[in-house]
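One structure is given below, encoded as structure tokens.
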Amino acid sequence: MAGIGRLTGTVKNYDWGGTRFIPKLLGEKQESSTPEAEFWLGVHPQADCTVSGPDIEPVLLRDYVAQDPVARLGAKVNADFGNVPYLLKALDVKNMLSIQVHPNKKAAVIDFEKEEATGLPLSDPKRNYKDRNHKPELMVAMGEFWLLHGFKPEDKLRATLDSVSELNFLAPVFAEGSYKGVYAYVMELPQEEVSARLRVLLDRIIPLYKAGKLEKSSEDFWAARAALTFSETDRGIFSVYLFNVVRTDKGQAVFQDAGIPHAYLEGWNVEIMASSDNVLRGGLTNKHVDVPELLKHVVCEPTEPELLSGVRKGKEIIYKTPAPDFELSGFELEAGDEVKINPVTTEVFLLIDGEAELVAGNASVKLHAGEPSGVIFPGQEVTLRASGKSLIYKASVPA
Ligand SMILES: [Zn+2]
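Using the numbering used here, you'd call the opening residue of the sequence shown number -11 and step up by one each time.
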């Protein structure tokens, strides 16, 4: 029997989403009238992805995997994870997202159990931990993409706090020592002082933003936009200046491990992560911010942003990370190109551009705008064949 199928994904209509990228993947000729923020492919409880194929009656992917986990996940992934360990997404970030951090695996287990014991329901907006898993993430830009990623290196942070007059009050806090010190100071400052200090900053930068005089490489641009998007008293606006403002171009990737504070600002990407929903927020949000829990998990260290271009192996570009839960690779194919794949586990494909086909024996599944996603299972060699210039991503686990 053929170990291939078509996969349908789940669209998430979060209000920060854009209206073009995901409709384009799904073959819509026009922009959507509501925001389409994320497209999910996986077995996460909030992703109702259906597999169907030459030998597969339509069924939820998680149920199909559960019917025969050893065969469909492979013995090793079944033993290590017991399910598809990753979640693959496409994101259209039109309005900036909250600053967030994800716990490491050990902390996630402890803190989930602790929160369970309080009896706070999983659906409560104040709930921090939704599962026992960590959530390392890797994103590949599908064009110019902007994000906040980790604390600035020491000399850069010092220069920012010295040169932005409204932030001079933080310079002595940072000079006395640590990243933890300055971050905790900002996050714990009384709201009245936050509002007063932001008022002075925003009175200067919002007019510049509105006049189109700020570059996206400037923290002022994103701070002003954050104030207009969320609230002019949101203390997360200070963090814009503490973190690296990073620009990635098409095909460049960024890995965010546990504890690295980050926020997606603008652009389209393909993202893979461990299947988890554990998010601690640090501002730029209207949602719940739990400062003590946040401070527990933020790795308060300088970060030199690393842009990954991937490792080329034939026509495959593999984005290596330390995460055992996932491996993302990209294929840039020309018409007629073929790639042989021996799946190590349940592997998911997402076609961004062009037209291609997954072929196993006599069976095949076509990937194109409208039906961009497919899935293959271990036990049989699969050929990925392009019928036009194509860009395709594959989610798997490190072999
Ligand atoms: Zn994240």
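Here a beta-carbon is modelled for each residue, glycine too, at the ideal position from N, C-alpha and C.
Note that this is a predicted model, so its numbers are computed, not measured.
Between residue i and ligand 1, is there a pair consisting of the residue's CB and a ligand heavy atom that are separated by less than 7 Å?
i: Glu142; result: no
i: His90; result: yes
i: Gln55; result: no
i: Gln34; result: no
i: Gln179; result: no
i: Glu103; result: no
i: Glu125; result: yes
i: His122; result: no
i: His250; result: yes
i: Gln244; result: yes
Ignore the nearest five residues each way along the sequence and tell me which others in residue i's own chain have a CB closer than 6 Å to its CB.
i: Ile44; result: Gly(-7)
i: Glu326; result: Thr371 and Arg373
i: Thr291; result: Gly138 and Phe139
Taking its Cβ as the centre, do 16 or more other Cβ atoms sit within 10 Å of residue i, making it buried, or is it exposed?
i: Arg185; result: buried
i: Ser166; result: exposed
i: Gly224; result: buried
i: Gly302; result: exposed
i: Thr17; result: In the sequence as displayed, the identity of residue 17 is Lys instead of Thr. Flag for Lys17 reads exposed.
i: Ser317; result: buried
i: His122; result: buried
i: His250; result: buried
i: Asn350; result: exposed
i: Thr106; result: exposed
i: Ile305; result: buried
i: Gln179; result: exposed
i: Asp112; result: exposed
i: Val188; result: exposed
i: Leu394; result: There is no way to answer for residue 394, as the model of the chain reaches only from -11 to 387.
i: Gln244; result: buried
i: Ser21; result: exposed
i: Gly342; result: buried
Specify, as a first and last residue, the run of the alpha helix (DSSP H) that residue i falls within.
i: Thr217; result: Glu207 to Thr217
i: Glu180; result: Gln179 to Lys198
i: Tyr52; result: Leu49 to Gln55
i: Asp68; result: Ala63 to Asp68
How is the beta strand (DSSP E) around residue i delimited, first residue to last?
i: Pro91; result: Note, Pro91: premise wrong, no beta strand (DSSP E); not H, not E.
i: Arg373; result: Val370 to Ala374
i: Thr(-2); result: Thr(-2) to Lys0
i: Leu230; result: First-last for Leu230: Gly224 to Leu230, but that is the alpha helix (DSSP H), not the beta strand (DSSP E).
i: Arg300; result: Val299 to Lys301
i: Asn83; result: Run containing Asn83: none; DSSP gives neither H nor E here.
i: His32; result: Here His32 belongs to no beta strand (DSSP E), and DSSP marks it neither H nor E.
i: Leu253; result: His250 to Ala262
i: Glu315; result: Glu315 to Leu321
i: Phe139; result: Phe133 to Phe139
Write down the C-beta distance between residue i and residue j rounded to the nearest angstrom, noting that I regard them as a contact closer than 8 Å.
i: Lys102; j: Pro23; result: Lys102 to Pro23, Cβ: 35 Å. No contact.
i: Val286; j: Tyr171; result: 7 Å
i: Phe133; j: Ala78; result: So it is not a contact: roughly 12 Å between Cβ atoms.
i: Ile193; j: Ala211; result: 6 Å
i: Leu338; j: Ser361; result: 5 Å
i: Asn71; j: Val39; result: Their Cβ separation, rounded to whole angstroms, is 14 Å, which puts Asn71 and Val39 out of contact at 8 Å.
i: Pro73; j: Ala246; result: That belief does not hold up - the Cβ atoms of Pro73 and Ala246 are roughly 15 Å apart, past 8 Å.
Leaving out the 5 sequence neighbours to the left and right, which residues in its chain are closer than 7 Å to residue i when beta-carbon positions are compared?
i: Asp119; result: Phe100, Ser264, Asp265 and Asn266
i: Phe226; result: Val174
i: Phe152; result: A quick correction: the sequence has Val, not Phe, at residue 152. So the qualifying residues of the chain are Tyr229.
Tell me which same chain residues have a C-beta within less than 8 Å of the C-beta of residue i, skipping the five on either side of it?
i: Ile329; result: Glu335, Ile364, Glu369, Val370, Thr371, Leu372 and Lys382
i: Tyr2; result: Pro23, Ala25 and Glu26
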